[in-house]
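Participant:
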Amino acid sequence: MKLAKNLERLGTESAFKILAEAKKLESDGKKIIHLGIGQPDFKTPKHIVEATKKALDDGHHGYVLSNGTIDCRKAVTRKIKSLYNVDIDPERVIIMPGGKPIIYYAISLFGEQGSEIIYPDPGFPIYESMINYTGAKAVPINMLESKDFSINPEKILSLINENTRLLIINNPNNPTGAFTEKSKMDQLAIGLKKFPHVAILSDEIYSRQIYDQKKMPTFFNYPDLYDRLIVLDGWSKAYSMTGWRLGWSVWPEQFVEHINKFCTNNHSCVNAAVQFGGIAALDGPDDFIIMVMKEFAERRKIIFEGLNNIKGIECSLPGGAFYAFPKVIETGMNGQEFAKKCLHEAGVAIVPGTAFGKKAVDYVRFSFAASQNDISKALEKIRKMLV
Ligand SMILES: Cc1ncc(COP(=O)(O)O)c(C=O)c1O
């Protein structure tokens with residue numbers, strides 16, 4: 002049998018591999034604290050579950066529109082209006098089975114031999130994987146250059162050439178937890194006006210998870226870019242719905258037809274009943290998000306102080322999401338070695354920085370989607386492991 006050459010270029014998301022390894026150790030009787038996988042450790046709010054159950058009871062069992070039900074798309078535009086005071090035509094909204102397919106489709110629009118796509122490194126591993134798969138050149142933005150891992154607009158703009166077709170930005174960022182302020186995003190948006198041949202994929206999946214009362218510096222702030230702006234967001238992280246597979250995206254009018262074809266070819270439509278849950282989430286109160294962020298803020302303090310109090314570990318304060326991304330090289334181990342030792346000796350599952358790109362050799366990612374007690378215990382175990 003001969004397999005397609007492109008397969009050799011397809012990457013993966015190692016956080017899932019680490020989860021499998023940790024689960025295996027658990028089934029062998031070892032106690033593991035999970036700080037690896039990037040999903041909130043809360044149940045989906047009840048009113049969302051109830052709306053979905055009702056939709057099933059009411060008989061919403063069939064195919065629906067491939068771009069999402071009009072009610073769900075309108076709920077997305079209402080939320081965008083209430084969050085950012087921007088009016089978006091629901092025909093530009095496409096409901097997806099999670100945020101991930103949005104990355105796949107956006108990259109598929111532009112990726113081919115000879116084209117270049119700029120992406121954050123370290124970053125969500127699917128960007129680089131998909132760029133490579135299409136045969137395009139993956140051009141990394143070195144996110145480790147600034148101490149707080151925030152975006153450097155000038156550096157990003159300097160990577161653009163005539164072959165650049167797409168720029169991927171992720172703010173707040175996975176895996177670093179970095180948050181880039183609006184002033185820098187403004188600078189980037191102004192700079193991008195000089196490059197009308199470059200489309201933008203703004204991955205805003207952590208838009209509702211920002212600390213210190215700061216506002217989301219969304220790309221929706223720049224109407225001048227709307228004819229080449231793709232926004233990725235969704236329910237997974239904000240409403241603890243990672244397993245529901247529900248995401249939303251906004252596309253320039255000119256791309257909608259192509260993306261609709263991708264949807265029809267791949268998944269036909271998103272689960273009808275789940276879209277009712279999605280509407281309930283967006284139209285419902287934000288109490289859940291406020292409660293989660295209060296809790297995450299406490300955990301951020303514990304992990305930030307705890308990691309910096311361990312000799313050899315240096316961690317910047319995460320400004321968003323629920324990740325800490327410390328440098329661990331001064332412990333005498335690189336990120337890979339450190340993560341392996343943590344899992345097997347301390348019983349703490351974390352992810353090596355290189356799971357998010359080649360540059361992050363000296364780093365590891367901690368997800369603080371675990372109880373304060375578990376985080377404190379994990380820190381203590383790591384401290385003991387290092388003496
Ligand atoms: C930056 C980023 N984008 C997109 C996604 C995909 O989200 P979903 O689970 O909705 O597919 C993730 C998930 O971890 C992520 O971290």
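Sequential numbering of the sequence shown, starting at 2, is according to this note's numbering. We treat Cβ as the ideally placed atom computed from N, Cα and C, and that holds for glycine.
Does the stretch 206-220 touch the stretch 285-300, meaning 3 or more C-beta pairs lie closer than 8 Å?
Facilitator: These segments touch.
Participant: Between which two residues does the beta strand (DSSP E) carrying N266 extend?
Facilitator: Unbroken run through N266 is the alpha helix (DSSP H), 254-267; no beta strand (DSSP E).
Participant: Please classify H345: is it buried, with 16 or more other beta-carbons within 10 angstroms of its beta-carbon, or exposed?
Facilitator: The residue is exposed, with fewer than 16 neighbouring Cβ atoms inside 10 Å.
Participant: Just the Cα atoms here: how many angstroms apart are A281 and L247?
Facilitator: When rounded, the distance between both Cα atoms is 13 Å.
Participant: Quick check on DSSP: helix, strand or coil for F326?
Facilitator: Three-state DSSP puts F326 in coil, outside helix and strand.
Participant: One question on the structure: do S269 and L230 come within less than 8 Å of each other, judged by their Cβ atoms?
Facilitator: Not a contact, by the Cβ cut-off of 8 Å.
Participant: Is the stretch 145-159 touching the stretch 172-189, taking contact as three or more C-beta pairs under 8 Å?
Facilitator: Judged by Cβ distances under 8 Å, the stretch 145-159 makes contact with the stretch 172-189, as three or more pairs qualify.
Participant: Would you please state the rounded distance, in angstroms, between the beta carbons of Y85 and T243? I believe it to be under 8 Å.
Facilitator: Not confirmed; about 24 Å, so no contact.
Participant: Which first and last residues belong to the beta strand (DSSP E) in which L145 is found?
Facilitator: Unbroken run through L145: none, as it is neither H nor E.
Participant: Count the other CB atoms within 10 Å of the CB of V388; is the residue buried (16 or more) or exposed (fewer)?
Facilitator: V388 is exposed by the Cβ-count criterion.
Participant: Hey, out of W249, I127, Q373, whose CA is closest to I81's CA?
Facilitator: Nearest of W249, I127, Q373 to I81, Cα basis: W249.
Participant: Under 8 Å, with one C-beta from each stretch per pair, do the stretch 330-341 and the stretch 273-288 reach the 3-pair mark?
Facilitator: Flag = no, the stretch 330-341 and the stretch 273-288 do not touch.
Participant: In this structure, how does DSSP classify Y120 when only helix, strand and coil are distinguished?
Facilitator: Strand at Y120.
Participant: On the premise that F305 lies in contact with A325, defined as a C-beta separation below 8 Å, what is that separation, rounded to the nearest angstrom?
Facilitator: Right, their Cβ atoms sit about 6 Å apart.
Participant: For G235, which of helix, strand or coil comes out of DSSP?
Facilitator: Reduced to three states, the DSSP call for G235 is strand.
Participant: Cutting at 6 Å between CB atoms, please list the residues of its own chain near I260, excluding the five before and the five after it.
Facilitator: Correct list, in chain order: I95, Y106, W252.
Participant: Per DSSP, H62 is paired with what?
Facilitator: Paired residues: none, contrary to the question.
Participant: Could you give the distance in angstroms between the alpha-carbon of E258 and the alpha-carbon of V140?
Facilitator: When rounded, the distance between both Cα atoms is 28 Å.
Participant: Classify T265 as buried or exposed, calling it buried when 16 or more other Cβ atoms lie within 10 Å of its own Cβ.
Facilitator: Counting Cβ neighbours within 10 Å, T265 comes out exposed, since fewer than 16 surround it.
Participant: Determine the direct distance from the alpha carbon of A379 to that of Y128, and round the result to whole angstroms.
Facilitator: Going by the C-alpha atoms only, they are around 30 Å apart.
Participant: Give me the Cα-Cα distance between R79 and P286, rounded to the nearest whole angstrom.
Facilitator: Whole-angstrom Cα-Cα distance: 13 Å.
Participant: Please state whether the Cβ-Cβ distance between S109 and F263 is less than 8 Å.
Facilitator: Closer than 8 Å, so yes.
Participant: Answer with buried or exposed for L193, where buried requires no fewer than 16 other C-beta atoms within 10 angstroms of its C-beta.
Facilitator: Result: buried.
Participant: Which residue from F43, I303, A347, V65 puts its Cα closest to that of S237?
Facilitator: When only C-alpha atoms are compared, the closest one is F43.
Participant: With ligand 1 as the reference, list in chain order each residue whose Cβ lies under 6 Å from any of its heavy atoms.
Facilitator: The filter returns G39, G99, G100, K101, F125, N171, N175, D204, I206, G235, S237, T243, G248, in chain order.
Participant: In this structure, what does DSSP give as the bridge partners for K138?
Facilitator: K138 pairs with E117.
Participant: Between the stretch 22-35 and the stretch 44-61, can you find at least three pairs of beta-carbon atoms closer than 8 Å?
Facilitator: Touching, no.
Participant: When DSSP builds the beta bridges, which residues end up paired with R366?
Facilitator: V352.
Participant: Helix, strand or coil: how does DSSP classify G279 here?
Facilitator: If DSSP states are grouped into helix, strand and coil, G279 belongs with the helices.
Participant: Please list the terminal residues of the continuous beta strand (DSSP E) segment that includes I96.
Facilitator: Here the beta strand (DSSP E) through I96 covers 94-97.
Participant: Over what stretch of residues does the beta strand (DSSP E) that includes G248 continue unbroken?
Facilitator: Run containing G248: 248-251, per the beta strand (DSSP E) assignment.
Participant: For T13, count neighbouring Cβ atoms within 10 angstroms of its own Cβ and tell me buried if that reaches 16, exposed if not.
Facilitator: Exposed, since its Cβ has fewer than 16 Cβ neighbours within 10 Å.
Participant: Are I314 and D363 closer than 8 Å when you measure CB to CB?
Facilitator: Result no, Cβ atoms of I314 and D363 do not sit closer than 8 Å.
Participant: Where does T332 sit, in a helix, a strand or coil, going by DSSP?
Facilitator: Helix, per DSSP.
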